[in-house]
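If you read the sequence shown in full-length UniProt numbering, its first letter stands for residue 1, the second for the next number, and so on.
Positions of the beta carbon are idealized from the N, C-alpha and C atoms, including for glycine.
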Amino acid sequence: MKNNHILKAIFAFLIFLGLASCDNRELIQVDNTAAPITMNLSAEHIFLDQNYPDNPALNITWSQAGYTVPVEMNYRIEASATQDFANPYTLGTVAQSVRTATYTVSQMNTAAQTIGLIQDVEGKMYLRVTSYLGSNALSSVSNLTSVMITPYALTYPSFYLVGAASAVGWNSGSAQLLYKKDSKSMIYTYMTPESFRFLGQQAWSPLNYSLDVPATDEPNRYFKQTTPNIVFGDHENMKFTDTEGIYLLEIDADGTKKSLSATKSALGYNYDNLYMVGSINGWDAANPITMTKTGEGTFEVTTTLGADAEFKFIGQKAWAALEWGNILKDNPGNSGYVGPKDANSNIVFHGNGGSYKVTVNLKMGTFTIQ
């Protein structure tokens with residue numbers, strides 16, 4: 001029994017020594033000793049040819065940043081229109097052992113126009129490399145260099161809505177294409193509180209667009225700003241959290257924004273009646289052309305359309321709240337998308353006096369003329 005007490009005492013003493021050694025272990029401090037040195041560029045003047053978007057346009061190399069102990073570091077390559085980098089654009093990031101990066105014609109064009117260089121005019125782009133550890137710890141910035149670059153007109157992505165939150169569900173082949181005008185894409189369409197995303201085509205690959213957050217699959221990170229009713233859903237999707245109804249979905253694909261908003265429309269979609277009124281009936285709202293209801297929010301009529309016919313859709317036999325026309329104010333035309341009162345223009349169709357079938361889908365925010 002005495003031996004047992006001795007063994008227990010020795011064991012307790014050994015534990016005490018172990019704890020003491022843990023408390024006194026050496027703390028390793030990491031400091032930056034040298035910034036990465038920018039930088040050799042493969043060109044001084046670049047004319048970007050839109051006919052070859054995937055061709056290499058610029059190669060950048062730099063020296064390794066220095067730290068007091070061996071650590072895993074990352075590099076961020078940035079561009080700016082000004083030397084102070086007040087609004088830097090990130091061309092890309094690379095990891096530890098890589099100290100070179102090549103960017104295509106398309107990538108350099110996006111960077112040039114995002115920082116404000118003018119289409120078809122040669123302008124100066126400043127470049128730098130920043131080294132950092134982990135999530136931007138101990139960052140160190142290189143010296144600056146520059147390249148003269150001539151960008152071409154920027155082509156913005158097309159966006160197709162799909163998901164349980166939308167009118168099409170998860171059917172990628174029926175994903176809704178938004179109306180696009182310059183950097184803006186938009187549609188007045190049905191939304192319900194469920195998950196959704198945008199595709200770059202009516203198929204699941206290759207392009208998907210979701211929130212630009214670490215929890216999203218990296219290839220799908222895109223939207224940097226959203227309204228509060230759009231939140232992270234899962235690694236592939238966003239989630240719409242507002243009440244069901246018709247919303248204006250609006251995307252600004254400008255590289256400095258990449259924003260997405262959902263704004264409730266004052267109008268719904270499941271009405272009993274819809275009419276056509278315009279040059280086809282002398283703009284007489286009291287005696288419009290009656291359309292036939294074919295489903296929830298869907299109507300059709302076959303009628304005669306002459307040259308430069310103009311018209312709108314109304315939900316009552318009067319000029320009142322229920323009114324739809326070509327999407328956007330001051331935008332007359334035949335886009336195939338409807339906008340509500342105070343956010344529309346006349347639909348303009350160059351007919352030949354023949355018979356045409358006109359269909360409207362207020363739930364999807366679209367119309368067709370065949």
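Taking 7 Å as the limit between beta carbons, can you name the residues of its chain near residue i, skipping five residues before and five after?
i           : result
residue 335 : 179, 326, 327
residue 235 : 215, 216, 217
residue 43  : 58, 147
residue 370 : 356, 357
residue 350 : 307, 308
Is the beta carbon of residue i less than 8 Å from the beta carbon of residue j?
i           : j           : result
residue 129 : residue 53  : no
residue 261 : residue 227 : yes
residue 240 : residue 198 : no
residue 280 : residue 302 : no
residue 348 : residue 300 : no
residue 184 : residue 251 : yes
residue 339 : residue 324 : yes
residue 358 : residue 314 : no
residue 364 : residue 176 : yes
residue 213 : residue 232 : yes
residue 344 : residue 297 : no
residue 317 : residue 288 : yes
residue 132 : residue 51  : no
residue 156 : residue 253 : yes
residue 90  : residue 99  : no
residue 405 : residue 48  : The structure shown does not extend to residue 405, since the chain is modelled only from 1 to 370, so the question has no answer here.
residue 371 : residue 322 : Here the chain has residues from 1 to 370 only, and residue 371 is not among them.
Looking only at DSSP bridge pairs, what is residue i linked to?
i           : result
residue 249 : 187, 262
residue 200 : The partner list for residue 200 (beta bridge, DSSP) is empty, contrary to what the question assumes.
residue 225 : 259
residue 304 : 355
residue 77  : 92, 129
residue 168 : Beta-bridge pairing links residue 168 to no other residue.
residue 45  : 148
Around the C-beta of residue i, are 16 or more other C-beta atoms found within 10 angstroms, so that it is buried, or is it exposed?
i           : result
residue 312 : buried
residue 60  : buried
residue 69  : Low confidence applies here, because residue 69 scores a pLDDT of 47, under 50, leaving its location unreliable and the question unanswered by this model.
residue 56  : exposed
residue 353 : exposed
residue 78  : buried
residue 25  : Annotation note: pLDDT 35 at residue 25 (below 50); position unreliable, no value reported.
residue 383 : Any answer about residue 383 is impossible in this case: the structure gives the chain only from 1 up to 370.
residue 118 : exposed
residue 368 : exposed
residue 143 : exposed
residue 282 : exposed
residue 102 : exposed
residue 87  : exposed
residue 163 : buried
residue 110 : buried
If you drop the 5 nearest sequence neighbours on each side, which residues of the same chain put their C-beta closer than 8 Å to that of residue i?
i           : result
residue 203 : 172, 173
residue 286 : 317, 318
residue 167 : 176, 189, 190, 363, 364
residue 83  : 126, 144
residue 165 : 191, 192, 193, 194, 195, 196, 239, 240
Grab me the residues of residue i's own chain with a C-beta within less than 6 Å of its C-beta, minus the 5 sequence neighbours each way, in chain order.
i           : result
residue 116 : 81
residue 193 : 240, 241
residue 382 : This structure leaves residue 382 out entirely; the chain is present only between 1 and 370.
residue 211 : 223, 232, 238
The stretch 231-245 in contact with the stretch 136-151 per 3-pair CB rule at 8 Å: no
Touch test, the stretch 207-219 against the stretch 262-282, Cβ-Cβ under 8 Å, three pairs minimum: no
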